[in-house]
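Student: So in the UniProt record's numbering the end of the sequence shown lands on 291, straight run, no missing numbers. Before I ask anything, let me first share the structure, which is written out below as structure tokens.
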Amino acid sequence: MGLGLVVLNYNDYETTINFINNIKSYKNIDKIVIVDNNSSNESVEKIKSVIDNRIELIESQENAGYGSGNNIGIKYLEKFDEIKYIGISNPDINFKESDIDDLLGLFERNDRISLLSGRIVENNRFASDGAWRLPTYKECLLQCIPLIDKIINKNLSYDESHYNGEYSIVDIIKGCFFIVKKDVFKDISGFDEKTFLYYEENIIGKKMKEKGYLIATLNCIDIYHMHGETINKSIDKLNRFHILGESRRVYVRDYLNVNKYGIVLYNNFNSIGLFIRKLIYILSDLVNKKW
1 MGLGLVVLNY
11 NDYETTINFI
21 NNIKSYKNID
31 KIVIVDNNSS
41 NESVEKIKSV
51 IDNRIELIES
61 QENAGYGSGN
71 NIGIKYLEKF
81 DEIKYIGISN
91 PDINFKESDI
101 DDLLGLFERN
111 DRISLLSGRI
121 VENNRFASDG
131 AWRLPTYKEC
141 LLQCIPLIDK
151 IINKNLSYDE
161 SHYNGEYSIV
171 DIIKGCFFIV
181 KKDVFKDISG
191 FDEKTFLYYE
201 ENIIGKKMKE
211 KGYLIATLNC
221 IDIYHMHGET
231 INKSIDKLNR
241 FHILGESRRV
251 YVRDYLNVNK
261 YGIVLYNNFN
271 SIGLFIRKLI
281 YILSDLVNKK
291 W
């Protein structure tokens, strides 16, 4: 069937090496490409210890973000005719060899499905945000505001009953792990490199939907996610929300086709949201110091 897997590393070689050691014996993964996203530590030298004739290490000369780094690995795999499917995986993921067989098997049985994952499990329970609906412009505005964003995100998530069948069609799958048909991902031009981090899944979902490609979760398998190991180590909390707001703006501007007045309104909502978050963090620090 031909599966190539892309793994992005940034300053977290221990997690990446552990992940590769866990999966390198899987016979249903034909090629593994580790893209080091211009790490500032000794990641490259450390990762070289797990390289063999099936595992490739590519060094990016800059850290242009999650989408850009993954696109480097994807473009490398596109050169191989035998590769029909491309997997994207965070290094903080755990899955079984049989899970890959099940995912590839569903692709072969149902050619309407173009992008696929399993049920995402975080903290030993089903992650309700493992898949969700495409947000509207109004929902993007409200996602900028603390507390309201949690309500919006919950409303965008599917109820657990949505996952009762063998598989479930969804708008968007969490980007920590998925497999996509190589030709389909090439047709939608891969990841949008105008985003540095976050909201890539929404953009992929939007592009897939506009082209008529289906996204699904295979409900009989669980993909275990340690949730943001690398991100939490390298980016502080307030800056993560700043980056999220910038990426959401790309979605609003380029994929919802909002006019310039709508962009101005979005910018105002985003600025207000960041200001509120900053106040919350300052007050939280003061309370913690007092106690």
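Cβ atoms here follow ideal geometry from the backbone N, Cα and C, with glycine treated the same way. For clarity, every value in this text was computed on a predicted model and none was experimentally measured.
To the nearest angstrom, how far is it from the Cα of A131 to the Cα of R277?
Tutor: 26 angstroms
Student: What are the partner residues of N9, as DSSP defines its beta bridges?
Tutor: D36
Student: Going by the CB atoms, is the gap between S114 and V180 shorter than 8 angstroms?
Tutor: yes
Student: Quick one: is D111 buried, meaning 16 or more other Cβ sit within 10 Å of its Cβ, or exposed?
Tutor: exposed
Student: Would you identify the three-state DSSP class for L214, choosing helix, strand or coil?
Tutor: strand
Student: Can at least three beta-carbon pairs, one atom from the region 22-34 and one from the region 3-14, be found at a separation below 8 angstroms?
Tutor: yes
Student: Under a Cβ-count criterion, where at least 16 other Cβ atoms within 10 Å of its own Cβ denotes burial, should E200 be classed as buried or exposed?
Tutor: buried
Student: Per DSSP, what kind of secondary structure is L134 in: helix, strand or coil?
Tutor: coil
Student: Where does S87 fall in DSSP's three states?
Tutor: According to the sequence provided, residue 87 is Gly. The question's Ser does not apply to it. Three-state result, G87: strand.
Student: Contact check, F95 vs F177 under 8 angstroms by CB: the rounded distance?
Tutor: 7 angstroms
Student: Would you kindly report the start and end of the unbroken alpha helix (DSSP H) that includes residue 368?
Tutor: Since the displayed the chain opens at 1 and closes at 291, residue 368 lies outside it and no answer follows.
Student: Checking the sheet assignment: what are the DSSP bridge partners for N219?
Tutor: Per DSSP, none; premise fails for N219.
Student: Does the contact criterion of 3 or more C-beta pairs under 8 angstroms hold for the region 210-225 versus the region 150-167?
Tutor: yes
Student: Give me the Cα-Cα distance between A64 and N38, rounded to the nearest whole angstrom.
Tutor: One C-alpha to the other measures close to 9 angstroms.
Student: Which residues does DSSP list as the beta-bridge partners of L116?
Tutor: Beta-bridge pairing links L116 to I179 and A216.
Student: By a C-beta neighbour count over all protein chains shown, 10 Å radius and 16 as the cutoff for buried, is S98 buried or exposed?
Tutor: exposed
Student: Near Y13, what residues of its chain come up, given a Cβ to Cβ distance below 6 angstroms and the 5 sequence neighbours on each side ignored?
Tutor: S43, K46 and I47
Student: Could you tell me which residues DSSP puts in a beta bridge with K170?
Tutor: Going by the sequence as given, residue 170 is Val instead of Lys. I215, per the DSSP bridge assignment.
Student: Please report how far the alpha carbon of I83 lies from the alpha carbon of G205, in whole angstroms.
Tutor: 22 angstroms
Student: How close, in whole Å, do the beta carbons of E56 and V33 come, if the pair is a contact with beta carbons under 8 angstroms?
Tutor: 5 angstroms
Student: Which term fits K174, buried or exposed, when burial requires 16 or more other beta carbons within 10 angstroms of its beta carbon?
Tutor: buried
Student: In whole angstroms, give me the CA-to-CA distance for T136 and G87.
Tutor: So the two alpha carbons sit approximately 28 angstroms from each other.
Student: In the DSSP assignment, find the unbroken alpha helix (DSSP H) run with D149 in it and report its ends.
Tutor: I148 to L156
Student: Pull the bridge partners of L3 from the DSSP assignment, please.
Tutor: Y85
Student: Where DSSP assigns a beta bridge to F196, which residues make up the other side?
Tutor: Paired residue(s): none; F196 is not in a bridge.
Student: Thinking just about the alpha-carbon of each residue, which of N53, N71 and V250 is nearest to the one in S60?
Tutor: N71
Student: Do F269 and L141 have their beta-carbon atoms positioned less than 8 angstroms apart in this structure?
Tutor: yes
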